[in-house]
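S.K.: With my numbering applied, the sequence shown covers 3 to 89.
Beta carbons are placed, not taken as given, at the ideal position from N, Cα and C, and that holds for glycine.
None of the values given here were measured: they were computed from a predicted structure.
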Amino acid sequence: MANTPQSKKRARQNETRFQINKARRSRIRTFLRKVEEAIASGNKETASTALRDAQPELMRGVTKGVLHKNTVARKMSRLSARVKSLA
């Protein structure tokens, strides 16, 4: 348990950051789910639109420190390849 004033403040800050990051991760997952659903439906136009909407969210996750840069690059590469392969 936090004893010093500094450690109490850090505990409060950590809880706040946790809630913000949790919301960001959830938002990113929602965008990714929309892309996955569009790919599953087989509609290339919808899938490419969903992918275009998801890109800035993923990059924002990188700049905010929620996701690693290479993780996002890998996800984007794989998703765009799947969207491109749709007939």
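Which residue from Gly67, Glu39, Val64, Arg12 puts its Cα closest to that of Val85?
M.R.: Within the sequence shown, the letter at position 83 stands for residue 85. Selected option, being the one with the closest Cα: Glu39.
S.K.: What separation, rounded to the nearest whole angstrom, lies between the Cα atoms of Ala52 and Val37?
M.R.: Taking the sequence shown and counting its residues from 1, the one referred to as residue 52 is at position 50. Taking the sequence shown and counting its residues from 1, the one referred to as residue 37 is at position 35. For Ala52 and Val37, the distance between alpha carbons rounds to 5 Å.
S.K.: Which of helix, strand or coil does DSSP assign to Leu53?
M.R.: By one-based count along the sequence shown, residue 53 stands at place 51. Helix, per DSSP.
S.K.: So Lys66 and Arg26 are in contact, right, with Cβ under 8 Å, and what is the actual spacing, rounded?
M.R.: Within the sequence shown, the letter at position 64 stands for residue 66. Within the sequence shown, the letter at position 24 stands for residue 26. With a Cβ gap of about 6 Å, Lys66 and Arg26 count as contacting.
S.K.: Touching or not, the region 54-64 and the region 74-88, by the rule of three or more beta carbon pairs under 8 Å?
M.R.: Judged by Cβ distances under 8 Å, the region 54-64 makes contact with the region 74-88, as three or more pairs qualify.
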